[in-house]
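Residue numbers for the sequence shown follow the working numbering, so the first one is 1 and each next one is one higher. Each residue gets a CB set at the ideal place from its N, CA and C atoms; glycine is no exception.
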Amino acid sequence: MAAAVDSFHLLYREVSRSCSSHFEALALIGALYAASRAVVLLRDCCTVARVHFLPRMMPSGRLTQRYGDWAVIYGAAEPVAGAYAEELARSGISIIFITQDGSSVRNAASFFSQTYGVETAVVTADFSLGQAAAKPVTEALRGKDIGFLVNCMDETSASPRSLIEIPEQGVLDRVNRNVGAATLMARLVLPGMVERSRGAVVNISSGACCRPRHGRVTLSAFTGYLDNFSRALHFEYSDKGIFIQSLIPFQISSSSSAEGWFVPSPEVYARHAVSTLGVSNRTTGYWPHTLQYGLMKCIPEWIWILGSDASCVSCFH
């Protein structure tokens, strides 16, 4: 029995001696991995501070001097676009509203003129009709120092609806109002910006481009297009003095009762988003949303889809 015990201890010592070098190697690998994750976390924290906090503490100058005197707001009837336009007007920038229904923004145009002393104009253009909508926009832009173009996605695309439930003409209208209009508006303002070697194009879409969701086929597609469209424009025009930005916000409150830390009002969101101009080409525009985005990207897509399927099933029961 004693011999067996002695043999076991001898075997254990031999095995431990032979494995010690492997344990040390694994410990080194683990330490390097932990250090790399710590560096990534520190880098992300520095990025959040640089994009969302430093610009608000140390503004970089007047927007009119950096970009121009006029801003074109497409999708002006959307609450986020209206709030963004007001932030620009507060900085002394004149506003041209481009909307399908001019009556929806006339009060805002009058308010901006009286409150901030800027010029305003309202242009009615229905991009579901195609290229014909470009004519009144071109007339409104003529002779003006256009420094900003803000394209805001149509909020009706956000309502949950299966693709086959949308009429064929409705699909085409949505594509024209979101994809076609944003592309055409950029085509109309970019020549003047290139000539003056300054300007900013801001495309406001949605964080829906990060992960697929049930009933959000068109929303995911449109936001994905606007996001990649912005990145392509940045690649092509950043060396010409033009700043291109993709804003991908998450949920924004439609009423004061629903507001919260992660669900800001349009005014709060716009105030944060405007401060990121010239700082980040692709951002949520609001630092709590950046935290949400970071957490969402940590979840593997197959787990996200499983969770989405489960929540969808629960909705039908």
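| query | result |
| --- | --- |
| Run through DSSP, which three-state label would Arg198 get? | coil |
| DSSP state of Asn228, grouped into three classes? | helix |
| Does the separation of the CB atoms of Arg66 and Gly147 fall below 9 Å? | yes |
| Note the first and the last residue of the continuous beta strand (DSSP E) segment covering Trp70. | Trp70 to Tyr74 |
| Find the nearest neighbour of Thr124 within the set Phe111, Arg142 and Gly102, judged by alpha-carbon distance. | Gly102 |
| In the DSSP assignment, what are the bridge partners of Ser318? | Because the chain is modelled from 1 through 317, residue 318 falls outside the range shown and cannot be assessed. |
| Go ahead and label Cys298 buried or exposed: buried means 16 or more other beta carbons lie within 10 angstroms of its beta carbon, across all protein chains shown. | exposed |
| Put Asn178 into one of helix, strand or coil per three-state DSSP. | helix |
| So what does DSSP say about Val122, is it helix, strand or coil? | strand |
| Does the beta-carbon distance from Ser119 to Ile95 come in below 9 Å? | As written in the sequence, residue 119 is Glu, which differs from the Ser given in the question. Yes, they are a contact pair. |
| Taking the straight line between their C-alpha atoms, what separation do you get for Pro79 and Ala273? | 14 Å |
| Hey, quick one: how far does the alpha helix (DSSP H) through Ser275 stretch, first residue to last? | Pro266 to Ser275 |
| Would you identify the three-state DSSP class for Gln245, choosing helix, strand or coil? | strand |
| Hey, is Lys297's beta-carbon within less than 9 Å of any beta-carbon in chain B? | Looking for chain B here will not work: only one protein chain is present. |
| Hey, could you find the ends of the beta strand (DSSP E) Cys210 is sitting in? | That residue, Cys210, is in no beta strand (DSSP E); it is neither H nor E in DSSP. |
| Is the stretch 28–47 touching the stretch 164–183, taking contact as three or more C-beta pairs under 8 Å? | no |
| Enumerate in chain order the residues of its own chain whose CB-to-CB distance from Cys315 is below 6 Å, with the five nearest sequence positions on each side excluded. | Because the pLDDT of Cys315 is 34, which lies under 50, any placement of that residue in the model is unreliable, and the question is left without a value. |
| Would Trp70 pass as a contact of Lys135 if the rule is Cβ separation under 9 Å? | no |
| Going by Cα to Cα distance, which pick from Pro249, Val263 and Ile248 is closest to Ser255? | Val263 |
| Do the CB positions of Cys210 and Tyr293 come within less than 9 Å of each other? | yes |
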